[in-house]
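Read in this note's numbering, the sequence shown has 418 at position 98, and its numbers run on one by one without any break.
Reviewing the structure listed below.
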Amino acid sequence: MKTAITELFGIQHPIIQGGMHYVGFAELAAAVSNAGGLGIITGLTQRTPELLAKEIARCRDMTDRPIGVNLTFLPSFTAPPYPEYIAAIREGGVKIVETAGRSPEQYMPALKAAGIKVIHKCTSVRHSLKAEKIGCDAVSVDGFECGGHPGEDDIPNMILLPRAAEELKIPFVASGGMADARSLVASLAMGAAGMNMGTRFIATKEAPVHERVKQALVEASELDTRLVMRELRNTERVLNNKGVDRLLEIEREKGKSLKIEDIHEQVAGVYPKVMIDGDMDAGAWSCGMVAGLIHDIPTVKELIDRIMADAERIIRQRLTGFLDGAAVTAKTRAVA
Ligand SMILES: Cc1cc2nc3c(=O)[nH]c(=O)nc-3n(C[C@H](O)[C@H](O)[C@H](O)COP(=O)(O)O)c2cc1C
């Protein structure tokens, strides 16, 4: 399949693995790129630019296909040394960066000077237009369903994607709630040129996380995520657990007076406890509603091959079948 995104990034399939804290290591990024998608290393999971340089080199040993690095710009007391992280990306020969969080505007000259293509993740049409204006090559449009930070507008992809298509000139991928061929074909129908998946890629053989995390995703339904930190305007969609129950209890008690310090124990340092130790009650870790569509733990290649084969079947048989007037019964499923 060829789309503006496969052409822009030089990849075989229009499928991107979004940056994920403590998940987006070299193993997963290489597996996605080797399967024909775009694998992305999460920059800030590497505590220093030197460690990121090593992670890029490790990934390079595992794949000669295009890879990307995620740079998340978050409000923080001590900002990470972004120029040094960008230098590590440039010197590692990585030509694609996924930015997220705040606008990457101040770093665009450095990224562009290095010949790097930038895809910015946005949760609104206005932020997508800003990304287009400052010279981003593409955007990842992240709907309210998404795992991680859905922003504060609460617009699901059924509305957000066609709205993005109405306004944007640069290509965009659909992000949030994407799991399978149905997600891909629907996104293409709504104007996207591919899809970005986070949560779905955690439940794969190559994802370098504790088995209990993958099992939790298979067991979870679409009802099992919660929104936390709404009062701080730093909303995050997470998988429910005992730590999250406690967090929500504190949020209810504190109401509008909630401060980040009040929930420190439930949000700080949680990722290594969950992803490495498999402590599933440790606190808040990002997870999308798409957990309800995750029923197995395939290899990355099996997952991507299945998506592309099913997408072709949906387009050629189910969709054109409607036009051709072929007998399509109520029982005919989008994916066999
Ligand atoms: C465990 C986890 C960690 C994430 N960490 C980051 C991150 O550090 N930076 C970022 O830009 N996005 C992060 N995301 C968001 C993903 O890149 C992606 O946008 C999101 O997962 C898409 O929604 P989905 O989970 O429904 O596929 C994370 C998502 C998950 C599930």
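Where is the CB? At the ideal position from N, CA and C, for every residue including glycine.
Being a predicted model, the structure only gives us computed values, none of them experimental.
Among the residues of its own chain, which have a CB less than 6 angstroms from the CB of T383, if the five just before and after it don't count?
In its chain, beyond the 5 residues on either side, A350, S353 and N354 have a beta carbon closer than 6 angstroms to the beta carbon of T383.
Nearest-angstrom Cα distance between L488 and E573?
Separation of L488 and E573 (C-alpha to C-alpha, rounded to the nearest whole angstrom) is 42 angstroms.
Any heavy atom of ligand 1 closer than 7 angstroms to the CB of I335?
No - ligand 1 has no heavy atom lying nearer than 7 angstroms to the Cβ of I335.
Residues in the same chain with beta-carbon distance under 6 angstroms from E404, minus the five sequence neighbours each way, listed in chain order, please.
Taking E404 as the centre and dropping the five residues before and after it, the same chain places the C-beta of P369 closer than 6 angstroms to its C-beta, in chain order.
With burial defined as no fewer than 16 other Cβ atoms inside 10 Å of the residue's Cβ, what is the status of R550: buried or exposed?
R550 comes out exposed.
Between the CA atoms of K534 and A588 - distance to the nearest angstrom
Rounded to the nearest angstrom, the two C-alpha atoms are 22 angstroms apart.
CB of I439 within 8 angstroms of CB of C456, strictly:
For the 8 angstroms CB-CB criterion, I439 and C456 form a contact.
In the DSSP output, what is L559 paired with across the bridge?
DSSP links L559 through a beta bridge to T545.
Using a Cβ-Cβ distance under 8 angstroms, would E327 count as near chain B?
Structure shown: chain B not included; a single protein chain is present.
Local Cβ density within 10 Å of P424, reported as buried at 16 or more and exposed below that
When all chains shown are included, P424 counts as buried.
Assuming T640 is part of the alpha helix (DSSP H), what are its boundary residues?
Segment T640 to D644, the alpha helix (DSSP H) holding T640.
Determine the DSSP secondary structure at V529, reduced to helix, strand or coil.
Three-state result, V529: coil.
For the alpha helix (DSSP H) holding T326, just list the boundary residues, first then last.
T326 -> alpha helix (DSSP H) spans A324 to F329.
Excluding the 5 residues flanking K562 on each side, which residues of the same chain have their C-beta closer than 7 angstroms to its C-beta?
Within its own chain, the residues whose Cβ lies closer than 7 angstroms to the Cβ of K562, once the five positions on either side in sequence are excluded, are D601, listed in chain order.
Run through DSSP, which three-state label would Q337 get?
Three-state DSSP puts Q337 in a strand.
Let me know the secondary structure DSSP gives M321 once reduced to three states.
M321: coil per DSSP, three-state reduction.
From R546, Q332 and G468, residue whose alpha carbon lies closest to that of T392:
Of the listed residues, the one whose Cα sits closest to T392 is G468.
Can you list, in chain order, the residues of its chain whose CB lies under 7 angstroms from that of A346, leaving out five sequence neighbours each side?
Taken in chain order, the residues that qualify are I361, E375, R378, C379 and M382.
For S423, three-class secondary structure by DSSP
S423: coil per DSSP, three-state reduction.
Using 7 angstroms as the cut-off, classify the Cβ of C466 as near or not near the heavy atoms of ligand 1, replying yes or no.
Annotation for C466 indicates a beta carbon within 7 angstroms of some heavy atom of ligand 1.
Could you pull the start and end residues of the alpha helix (DSSP H) that M382 belongs to?
It spans P369 to M382 - the alpha helix (DSSP H) in which M382 sits, taken as one unbroken run.
Between which two residues does the alpha helix (DSSP H) carrying H584 extend?
Going by DSSP, H584 is part of the alpha helix (DSSP H) stretching over H584 to V587.
Is any non-hydrogen atom of ligand 1 found closer than 7 angstroms to the C-beta of R546, if you look at the structure I gave you?
At a cut-off of 7 angstroms, the beta-carbon of R546 does not count as near ligand 1: no heavy atom of the ligand is closer than that.
Paired residues, beta bridge with H440 - DSSP
Residue pairing by DSSP puts H440 in a beta bridge opposite T419 and V459.
Using a Cβ-Cβ cutoff of less than 7 angstroms, which residues in the same chain neighbour P476 once the five nearest sequence positions on both sides are dropped?
Sequence-distant Cβ neighbours of P476 in its own chain, meaning closer than 7 angstroms and more than five residues away, are G463, F464 and E465.
In three-state DSSP terms, what is Q332?
Note: Q332 maps to coil in three-state DSSP.
Taking G413 as the reference, which of H447, P400, L394 and G435 has the closest Cα?
Of H447, P400, L394 and G435, the residue nearest in Cα terms is G435.
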